[in-house]
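Note that the numbering used here has the sequence shown beginning at 669, numbered continuously upward.
Glycine is no exception: its CB is placed at the ideal position from the N, C-alpha and C atoms.
Below is one structure, written out as structure tokens; comments come after it.
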Amino acid sequence: MSVFDDLVGQDTVIEQLRSAARAADGLLAGGTGAGMTHAWLFTGPPGSGRAVAARAFAAALQCAHGGCGHCDSCHQVLTGTHADVLYVRPTGLSFGVERTRDLVLRAASSPTGGRFRVVLFEDADRATEAASNALLKAVEEPSPRTVWLLCTPTAEDLLVTIRSRCRLVLMRTPGTPAVVDALVRRDGVDPGLAGAVARAAAGDVERARRLAADPEARERRREVLSMPARLDGLGACVSAAARLYELAEAEAKQTTAALDEQEKADMRAAFGEGATGKGVAKAVRGAAGALKELEERQKRRATRIKRDTYDVALMDLAAFYRDVLAVQLGAQVQRSTESHDEDVRRVAGSSTPEATLRRVDAIMRCRERIAANVHPQIAIEAMTAALYLG
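Rendered as structure tokens:
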């Protein structure tokens, strides 16, 4: 067993990180530490395992055995409880300068018990311009035993001055056989289902796991993929847009509701709600401000989750038209919408490759409009009309 076992189809990356962990051992022993550096940038497409790789590397740096997966340090890092590993994942659409400055200050501390002070910053591309400048200062002048692990989809998502000071870890999209193997061997998924969801997820391991575990997620995807074949008029376009909006909103609400309620209950308990004794009433009254701040953070998180949910649905539609184009051009490629082969062939036979490319462009414009704060239902209606008109 190793902390790197959860990385799927990333043999080159695993070897790179193991080599760096060995170099870190040499650095702590008084050597040069060649092969180890203070800042790392993990990049790769969604589902490739950027954050998984960064967390595994953090565990390997804290482990005296290079990430054995058995010791207390490995367990604490992997469960998010290690005192010398700071975990940052923006819950909103951006990460501001004040929070970044606080993070830089905490990162500058010496390790309290571990070998390094490690900062694991997921979605670092969400840092604002001012926040990125504050982060640059920390990366330029790091503390001796502080290691920054930044995760972004591409290296270009960070300031060039930051990425030039980081060592790049490039994650690749895992192949379908590797994803199937992981689902069957590690998660106990039926091989038939594993193959279907692996193809549907197109290399996104986490999405494949969600599809395998959640029949409702599979049904939502099926409904999204059935929409193009039903667009036979502008009325159908409006109805399809309304249904897509409804599906995304319901999924986002389901995701956020459980998280929000649990966080509120934990905060009330922390302030003594339901307890008795001296000072409890005053503490409970003081919770009002903290609860209001929590609710604001939850609203920002809900906005992000909604956008992410829309994006998944739109990328499923893009995959449908990618398969349409493959059929039109006679390309012998693996298709992620095999369960909708009849619809794909019907749409392919009734249009041209040029029209299909215009439809893909319409989906991409919809993504951009939603990201630019256009109301999702309006953006989706414009998209479905463009899909109908070709």
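Three-way DSSP call (helix, strand, coil) for residue i in this model
i, result
"Phe784", "coil"
"Ala1129", "In this structure the chain extends from 669 to 1058, so residue 1129 is not present and cannot be described."
"Ala920", "helix"
"Phe725", "helix"
"Thr822", "coil"
"Phe672", "coil"
"Ala707", "strand"
"Thr814", "strand"
"Leu902", "helix"
"Leu836", "strand"
"Val873", "helix"
"Gly694", "helix"
"Ser800", "helix"
"Ala864", "helix"
"Leu1057", "helix"
"Gly957", "helix"
"Pro714", "coil"
"Leu827", "coil"
"Gln1002", "coil"
"Asp934", "helix"
"Pro859", "helix"
"His1043", "coil"
"Pro842", "coil"
"Ser1018", "coil"
Rounded separation between residue i and residue j - CA only
i, j, result
"Lys960", "Ala721", "35 Å"
"Glu1010", "Gln678", "35 Å"
"Pro1044", "Ala868", "24 Å"
"Gly1058", "Ala970", "33 Å"
"Arg877", "Ser716", "13 Å"
"Thr1020", "Ala904", "21 Å"
"Leu899", "Asp858", "34 Å"
"Pro812", "Leu761", "32 Å"
"Thr796", "Lys932", "28 Å"
"Gly998", "Leu851", "31 Å"
"Tyr755", "Glu790", "8 Å"
"Thr749", "His738", "15 Å"
"Asp882", "Ala866", "14 Å"
"Cys736", "Arg1027", "49 Å"
"Thr768", "Val1015", "49 Å"
"Val765", "Ala897", "47 Å"
"Asp855", "Lys805", "42 Å"
"Ser778", "His1008", "56 Å"
Min CB distance residue i to chain C below 9 Å
i, result
"Asp673", "Structure shown: chain C not included; a single protein chain is present."
Cβ neighbours of residue i in the same chain (closer than 8 Å, five flanking residues each side left out)
i, result
"Arg1013", "Val995"
"His891", "The question names His, but residue 891 in the sequence shown is Glu. The residues are Arg911 and Leu915."
"Gly843", "Gly677 and Gly871"
"Leu927", "Gln966 and Arg969"
Beta-carbon proximity of residue i to residue j, cut-off 9 Å
i, j, result
"Phe725", "Ala689", "yes"
"Thr1064", "Ala775", "A question about residue 1064 goes unanswered here, because the residues of the chain that appear run from 669 up to 1058."
"Ala707", "Leu818", "yes"
"Ala792", "Thr820", "yes"
"Ile1031", "Leu985", "yes"
"Tyr1071", "Thr1024", "What is shown of the chain runs 669 to 1058, which leaves residue 1071 out entirely."
"Gln730", "Arg686", "no"
"Ala802", "Val848", "no"
"Ala870", "Arg975", "no"
"Ala728", "Leu902", "no"
"Pro714", "Arg875", "yes"
"Phe710", "Val837", "yes"
"Arg840", "Val681", "yes"
Close Cβ partners of residue i (< 6 Å) along its chain, the five nearest in sequence each way excluded
i, result
"Asp674", "Val720"
Sequence-distant residues of the same chain with beta carbon closer than 7 Å to residue i, five excluded per side
i, result
"Arg1035", "Asp979 and Leu982"
"Val745", "Arg723, Ala726, Ala727, Gln730 and Val753"
"Thr1005", "Leu893, Ala987, Phe988, Asp991 and Val1012"
"Arg757", "Glu790 and Asp791"
"Ala909", "Gln1045, Ile1048, Glu1049 and Thr1052"
"Asn1041", "none"
"Val906", "Glu1049"
Restricting to runs no shorter than 3 residues, where is the beta strand (DSSP E) found entirely within the segment 730 to 794? Runs found: 753 to 756 and 785 to 789.
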